[in-house]
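**Student:** For the sequence shown, the UniProt record's numbering begins at 1 and goes up steadily by one.
Sharing a structure here in structure tokens format.
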Amino acid sequence: MLCSRIREEAGVTVSGSYERHQPLLRFTAAGPHGAPCRRWITALCRGKQEDVTRWKPAVSPIGTGPTPGSGFGVFRTPVWPLGVQPLTSHITAAMMSKSVLLKVILLGDGGVGKSSLMNRYVTNKFDSHLFHTIGVEFLNKELEVDGRRVTLQIWDTAGQERFRSLRTPFYRGSDCCLLTFSLDDGQSFQNLSNWKKEFAYYADVKDPDSFPFVVLGNKLDVPERQVSGEEARRWCRENGGHPYFETSAKDATNVTSAFEEAVRRIMVSEDRDDHLIQTDTVNLQKTPHPEPSCC
1 MLCSRIREEA GVTVSGSYER HQPLLRFTAA GPHGAPCRRW ITALCRGKQE
51 DVTRWKPAVS PIGTGPTPGS GFGVFRTPVW PLGVQPLTSH ITAAMMSKSV
101 LLKVILLGDG GVGKSSLMNR YVTNKFDSHL FHTIGVEFLN KELEVDGRRV
151 TLQIWDTAGQ ERFRSLRTPF YRGSDCCLLT FSLDDGQSFQ NLSNWKKEFA
201 YYADVKDPDS FPFVVLGNKL DVPERQVSGE EARRWCRENG GHPYFETSAK
251 DATNVTSAFE EAVRRIMVSE DRDDHLIQTD TVNLQKTPHP EPSCC
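Structural data, given as structure tokens:
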């Protein structure tokens, strides 16, 4: 009955094998609207009509794209769990031409606050009772940085080792990676190198030190600090000169600045690549100058 309701309200087709063998919440791991969709389906499971009503506006039919004003977007490349197919294409030419689409991914140990950072930046809200991420989720944010309008597609990933096979396929195509640790968790800081290597491997990054990484030391509001600012900045200098921000998703400290710096890093990288392409390109339409003749 629940699957029928999901089909009816979300506008998806679900095969029988999917209903039998796949958890319903897998729909939200790669579905159209990430965390809001998961909360909506969880409310359906628990029969909480108040929460169903609250989260339903964020879950528009797939064929129509995001609900106007909801702030939630679509996939750059549509990805669907086994058995779930879109009814119609939900990426239109108008949507693609509206602004530049940039994919940013948050990586780090479980519990460092990646989901909270994403939600604080996109919705300006903090929920201390967020679900642990299973696989991946994402939200969209439209903004203007240095006069350029962009749609920032922010991907949140599960930090636990058991979810590696679920998260790594989504690394490819990322324009920037936010390496995140918790200031009150020294081990999460020590694991930054492992996260950088994992991302570079699965995203096929040839030169990790020149890729746009940004490092975030989250939970600045927590008094029991284990990682000093100087220690974190030294790691950034020694591992590619990455920008470093100490953030708090709880009180919003430096959250906007960190994501805007990610956009700037992407733009600098793309401008550099464009310059290299232009300087190495031969203009075949240019009129050649005649060579002087010796005869």
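Glycine residues also receive a C-beta, built at the ideal position from the N, C-alpha and C atoms.
Computed from a prediction, not measured in an experiment: that's the story for all the values here.
Just the Cα atoms here: how many angstroms apart are Y202 and T157?
**Tutor:** So the alpha carbons of these two residues sit roughly 14 Å apart.
**Student:** From this set, D221, A258, V150, Q226, which residue's C-alpha is nearest Q187's C-alpha?
**Tutor:** For the residues D221, A258, V150, Q226, the minimum Cα distance to Q187 belongs to Q226.
**Student:** Verify whether the separation of the beta carbon atoms of K219 and L179 is less than 8 Å.
**Tutor:** No. Outside cutoff.
**Student:** What three-state label does DSSP hand F211 in the structure shown?
**Tutor:** Looking at F211 - three-state DSSP - the assignment turns out to be coil, as it is neither helix nor strand.
**Student:** Kindly list the residues whose CB is nearer than 8 Å to the CB of N254, restricted to its own chain and excluding five residues on each side of it in sequence; keep chain order.
**Tutor:** Contacts found: L220, F245, E246, T247, S248.
**Student:** Does DSSP classify K114 as helix, strand or coil?
**Tutor:** Helix.
**Student:** Among the candidates G147, F126, I105, V112, whose CA atom is the shortest distance from the CA of N140?
**Tutor:** Comparing Cα positions, the closest option is I105.
**Student:** With R148 as the anchor, note down where its beta strand (DSSP E) starts and where it stops.
**Tutor:** Its beta strand (DSSP E) spans residues 148-157.
**Student:** So, with DSSP's three-state summary, where would you put F126?
**Tutor:** Looking at F126 - three-state DSSP - the assignment turns out to be coil, as it is neither helix nor strand.
**Student:** Measure the alpha-carbon distance for V136 versus M118 and round it to whole angstroms.
**Tutor:** Straight-line Cα distance between these residues: approximately 12 Å.
**Student:** Between which two residues does the alpha helix (DSSP H) carrying Y201 extend?
**Tutor:** Residues 192-202.
**Student:** Tell me whether the beta-carbon of R120 lies closer than 8 Å to the beta-carbon of A262.
**Tutor:** No, Cβ-Cβ distance for R120 and A262 is not below 8 Å.
**Student:** With DSSP as the reference, please indicate the residues paired to Y171 in a beta bridge.
**Tutor:** Beta-bridge pairing links Y171 to no other residue.
**Student:** Between the alpha carbons of S15 and N194, how many angstroms are there, rounded?
**Tutor:** In this prediction, S15 scores a pLDDT of 38, lower than 50, which makes its location untrustworthy; the coordinate-derived value is nonetheless stated afterwards. About 38 Å.
**Student:** Buried or exposed for C177, going by 16 or more other Cβ atoms inside 10 Å?
**Tutor:** When all chains shown are included, C177 counts as buried.
**Student:** Looking at the strands, I want to know which residues DSSP matches up with G217.
**Tutor:** BP columns for G217 point to F181, E246.
**Student:** Go to E137, then tell me how far its beta strand (DSSP E) extends in each direction, as first and last residue.
**Tutor:** From DSSP, the beta strand (DSSP E) with E137 extends over 136-145.
**Student:** Compare the Cα-Cα distances from C236 to each of E260, F189, G113, S257 and report the closest residue.
**Tutor:** Cα-wise, what sits closest to C236 is F189.
**Student:** Under a Cβ-count criterion, where at least 16 other Cβ atoms within 10 Å of its own Cβ denotes burial, should D175 be classed as buried or exposed?
**Tutor:** Buried, by the Cβ-count rule.
**Student:** Helix, strand or coil: how does DSSP classify V263 here?
**Tutor:** In this structure, V263 counts as helix in the three-state DSSP scheme.
**Student:** I believe Y171 touches F199 by the beta-carbon criterion, under 8 Å. Please report the beta-carbon distance rounded to the nearest angstrom.
**Tutor:** Going by Cβ atoms, the distance from Y171 to F199 rounds to 6 Å, so yes, they are a contact pair.
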